[in-house]
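Everything on this sheet refers to the single structure shown next.
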């Protein structure tokens, strides 16, 4: 019997196979990407989310290597967690490696991790997996997709990609390699579904240049451009525009400064001499002669843009005639915060330019026609949409049917579902246990549904604590202290709390049945119930109520 | 000196002039709309928000009337709060009046409110305000804009509008009246800015019909269409499609059923005999012969669609071959919840159709070219963009400049800013105090920034309460009880809480300086600080910590 190849996307509900994917062949495995997810709005207090990779840890002796396809957080952000539990060489292109090194150094793990530089075009044997890396355009340079050959067949994984004919770095996606794969016969294609509901063809990064030229021509004073810290090609584009229009550029924000340094050092950022100046110098210069690049495009209150929008930035503030460009799109779920930041910047008198007001940003992901082109280039026998929510995968599957992949050769699976390949046939296998893991502060995975429900309840109506002091006969001693937070504005609620004291007294008296003292437990429950009922009747709110009983 | 006309948009930051607008002339005032806002994602526990109209209440004797332009929640949803504090006749078209009656009856205010039916085309004198109502297309029938003439001049307010040449009810926006206004000379135009960042022309409601024909032709089983309860014209369109394709229709959900009944009674919904059947009958019928209309397009967990997505709906569940259509767009801020609901419905095996997968919804608001047309039709001297966030208003102002309104005759103002008109001149006046009012349960305006900050802190890291029992010498008696919620999963945190007890003991000992008992206040503060520091060191989390001191 031939050995099966198994592919398992890891993570919970959300984007499928985006952050981590496992390939298994016999006693060998290969991990693709180690990314994080940003919490949704109702995941209260959570900093970020990582895939649950216990399955890999339990089989750690099988792991032959870890491939990171590009340097974005949703593909690299879990690296410190992964490398703390797993031991295998990591393969990445120079820029991706550079960005990983920054993370691993921060986590004091750099010495322990074996990093291998690979380049697009390289073929590397990682255990029984012959991996062939090919260049893909994306919104960060040096991204790759990968062909993986085992005796079970050839799998092609697109990585995050688009087909940009005029990318900033002049390096288009490797059509020839994709065609070469198809000549050899591709058992399955795994392809990026992010934009499966966007018709047509994603515009080239080149469309941004004339939009920036307009901005630079019309801006009467300083220009501030906000984008993602890892969007190296956008930094290059702004740099080019600044050069054309006789402005110097300054970068602010640790992550952006560090990434730009790393990219410049590795040759991914082409900076004419003297074009980048320190922020202090930029702040002293004639406003019409500078552009400042920074982060904060997602409306994060702690970012420089967030602080500027509320006049809380220490190093510098907005001045008359500032033009602010948001060269980004809101990450789904951040729309409200981004729009609020834009409104506040306008309120403070800045000119604000963002897509759709002007085409100052384009997506880094393929749209529908590019997805079709990839399928036609690769000519896979089987098709598996990945990187997207279920609704994107479902739509990508429909696109694959449209271009001729037979329905029975397409599967839409969720994270944790095993795909098995044997004799060129694809089969959906079992579901492995697991999901995602909340990271909150330094706690990894200690917060689950029950704590989350408590936070929801507290966020909704707050809490009330009552300190009951009772004598041996069960009688209340004095007026119980009441503490509340997040429930009512205490200073305006005197009357209600006075009435609450009466409710407590009545409930306490009832807890003492037949004139003898009831149990502390009975007293506690009586008072809690009475107060819950009372607050609901008064305000239609249900704070968490706790009564403490102290015999004094 | 001529009497000034003053216009004041009311409400806080958010959509400007959308929910309520005040017109003052001498000792007379006129209120336009009484709507609510939906809370943003970080307004924890808030049910909805209403404009702060204290300014109107303080001058209630001036109020001559209240005009409601159409029946959507953001224009009607605060009516019970307004009518509880103000006393003036309410003017509305028949359908809008019908929907207001439902609300006022619920609030037991119907007997106290004087309602006047007006129709598009009517001229009504409300105090010194000569009001002329004109029909506008929107996503609900019977919407109006209004011309308001005082000796100070003629103001035209667009209401929520689009220029639909083929609306469902066959009643286009009243171009002739708009042109007639321009002939008389319009001092100022107030115009809907909602879609100021949408290029072109909003598609007609008619484009939905072929999209629904496709859905009805291809659906193998039942069809469930979700939309807003007040989208009467969409109910009509689905009814028409059902009729063409030989299906009966059932409605579920109290608000949708009530609105449809009211619309049918008033002649705004045209129902062929026997086309609407009770839900029980629909559930017993052949699946391919029915369509069910319901609410829940915003991903609300308590809606029927939300419950179906999680298999929690009591009356009926999804069955094989169900097709679900979301005939709606997410309200900004709801994107995540809507997408989650779609993913869950797909996960449960339903076919799900939504825009942009198919054009099953169009906006009810004008896009850029329609905005330009309105300006050209009305030819106003002054222009004030309203109904939108600051970013929309700013963009609408740019559009007005583009079509020839002089920059000095355009103002972008925020809620609370007074606009004064005298001798045809527009001036920006003072800012009146006020903002918006949170409604939480039955509490109106009792929740402010401080309670909101508490809820944020609780949502972020929860809380911990410690019950300290001390003897007269200030020594701890027994091990203090520790209660926490939303902080850690208590069952897995034994070790940390054991260590916390040691921290408490140390802190308590230190509170007793020189061997004598410290004050309860000092003890409390010492323990709170020690625990805060300890929890942060352990977990990088900052729960609210409360220590209670009980001498026993």
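Chains as they are written, first to last, in my numbering: chain A, 123 to 674; chain B, 123 to 674.
Positions of the beta carbon are idealized from the N, C-alpha and C atoms, including for glycine.
query                                                                                                                                                                                       : result
Compare the C-alpha of residue 597 of chain A against each of A:478, A:486, A:243, A:626 and name the closest.                                                                              : A:626
Would you say residue 666 of chain B reaches chain A, if we count a Cβ-Cβ gap shorter than 9 Å as a contact?                                                                                : yes
Exposed or buried, which one is residue 228 of chain A when buried takes at least 16 other CB atoms within 10 Å?                                                                            : exposed
Assign residue 390 of chain B to one of three DSSP states: helix, strand, or coil.                                                                                                          : coil
Given that residue 662 of chain A touches chain B, what residues does it touch there, using C-beta distances under 7 Å?                                                                     : 563, 564
Spatial neighbours of residue 566 of chain A within its chain, please: CB distance less than 7 Å, with the 5 preceding and 5 following residues excluded, ordered by chain position.        : 203, 559
Given 8 Å as the limit, is there contact between the stretch 491-498 of chain A and the stretch 358-367 of chain A, that is, 3 or more CB pairs closer than that?                           : no
Counting only runs of 3+ residues fully inside the stretch 626-670 of chain A, write out the beta strand (DSSP E) ranges in chain order.                                                    : none
For a contact meaning CB atoms closer than 9 Å, what does residue 454 of chain B contact in chain A?                                                                                        : 457, 458, 461
Thinking C-beta only, is residue 480 of chain B closer than 9 Å to residue 505 of chain B?                                                                                                  : no
Which chain A residues are close to residue 163 of chain B, counting only those with a beta carbon under 9 Å from its beta carbon?                                                          : 163, 164, 455, 458, 459
In terms of residue numbering, what span does the beta strand (DSSP E) encompassing residue 284 of chain A cover?                                                                           : No beta strand (DSSP E) contains residue 284 of chain A, which DSSP labels as neither H nor E.
Can you say whether residue 324 of chain A is buried or exposed, counting buried as having 16 or more other CB atoms within 10 angstroms of its CB?                                         : buried
So, does the CB of residue 450 of chain A fall closer than 9 Å to a CB anywhere in chain B?                                                                                                 : no
Threshold first: 3 residues or longer. Then list the beta strand (DSSP E) segments lying entirely within the stretch 468-527 of chain A, N to C.                                            : 473-476, 502-508
Pull up the distance between the alpha-carbon of residue 646 of chain B and that of residue 599 of chain B, whole angstroms please.                                                         : 15 Å
Do residue 277 of chain A and residue 129 of chain A have their C-beta atoms within less than 9 Å of each other?                                                                            : yes
Say whether the stretch 339-353 of chain A touches the stretch 426-445 of chain A, bearing in mind that this needs 3 or more beta-carbon pairs closer than 8 Å, one atom from each stretch. : yes
Of all Cβ atoms in chain A, is any one closer than 9 Å to the Cβ of residue 581 of chain B?                                                                                                 : yes
According to the neighbour-count rule (16 or more other Cβ atoms, all chains shown, within 10 Å of its Cβ), is residue 225 of chain A buried or exposed?                                    : buried
Which residues in chain A sit within 7 Å of residue 572 of chain B, going by Cβ to Cβ distance?                                                                                             : 611
Give me whichever residues DSSP pairs with residue 371 of chain A in a beta bridge.                                                                                                         : A:398, A:413
Is residue 478 of chain B close to chain A, meaning its C-beta is less than 9 Å from at least one C-beta of that chain?                                                                     : yes
With a threshold of 8 Å, are at least 3 pairs of Cβ atoms found where one atom belongs to the stretch 154-172 of chain A and the other to the stretch 184-200 of chain A?                   : yes
If you follow the alpha helix (DSSP H) that residue 562 of chain B is part of, which residue opens it and which one closes it?                                                              : Here residue 562 of chain B belongs to no alpha helix (DSSP H); instead the beta strand (DSSP E) covers 558-562.
Going by Cα to Cα distance, which pick from B:472, B:284, B:551, B:572 is closest to residue 295 of chain B?                                                                                : B:284
Does the separation of the CB atoms of residue 138 of chain B and residue 509 of chain B fall below 9 Å?                                                                                    : yes
Is it buried or exposed, residue 286 of chain B, if we count other Cβ atoms within 10 angstroms and call 16 or more buried?                                                                 : buried
How would you call residue 213 of chain B, buried or exposed, if buried means at least 16 neighbouring beta carbons within 10 angstroms?                                                    : buried
Go ahead and pull the three-state DSSP assignment for residue 362 of chain B.                                                                                                               : helix
Inspect the beta-carbon positions of residue 465 of chain A and residue 591 of chain A and report whether they are closer than 9 Å.                                                         : no
Contact check, residue 279 of chain B vs residue 132 of chain B under 8 Å by CB: the rounded distance?                                                                                      : Their Cβ separation, rounded to whole angstroms, is 14 Å, which puts residue 279 of chain B and residue 132 of chain B out of contact at 8 Å.
Pick from B:354, B:207, B:518, B:289: whose alpha carbon is nearest that of residue 220 of chain B?                                                                                         : B:354
In angstroms with no decimal places, state the Cα-to-Cα distance between residue 313 of chain A and residue 472 of chain A.                                                                 : 41 Å
Considering only C-alpha positions, which residue in the set A:169, A:191, A:438, A:527 is nearest to residue 282 of chain A?                                                               : A:191
Using DSSP's beta-bridge definition, name the partner residues of residue 272 of chain B.                                                                                                   : B:275
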